[in-house]
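Accompanying notes for the structure given below.
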Amino acid sequence: MKWLLFIFCYLFTSAILAQGINLTIQITGIDPSQGHIQLALYNSAENFPKEGKEFQVFRVPVTANTLSTTINNLPPGKYAIALFHDLNNDGICNKNILGFPLEGYGFSNNVKPRIRVPRFEKAAFDLEQQNNLKISVLYGRF
């Protein structure tokens, strides 16, 4: 009987953990209302914010100056988000000759970079339960 109870508890706990955590992100300050928001989710400091090293990437069509998207079934952990407003839909964050973004950009925790992109620790957040984030898109140079 104890084994049956143990197996039931194990299966129930495994089913709950397998569902993952949902993360809802509200993106504000989008101007103009066209193009896409390309959102990159990172789960390690070594990879942030390197292109091609993302944990997950999402493209969300811009239909208004504020939009919301939900990432489902994430494992618990520490994450950081970098996003840009892809106005011309070319899939890259266009930059000027000095390397500053020509398109809007943003980071989790609304970190505002000074001269370079922020460190993972500044943009990171712990995801242990369903979470809501708000990220404002910044336009202009760092």
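Each number in our numbering corresponds to the 1-based position in the sequence shown with 187 added.
All C-beta atoms in this analysis are idealised placements derived from N, C-alpha and C, irrespective of residue type, glycine included.
Linking residue 324 to residue 261 through their CA atoms gives a straight-line distance of about 24 Å. Look at residue 232 here: in three-state DSSP terms it is coil, with no helix or strand label.
Counting along the chain, residue 271 sits inside the beta strand (DSSP E) bounded by residues 264 to 273. Look at the beta carbons and you see the segment 226 to 234 touching the segment 261 to 277: at least three pairs across the two are nearer than 8 Å. If you draw a straight line from the Cα of residue 207 to the Cα of residue 259, it comes to about 7 Å. Taking C-beta atoms under 8 Å as the contact rule, residue 221 and residue 249 qualify, at a distance of about 6 Å.
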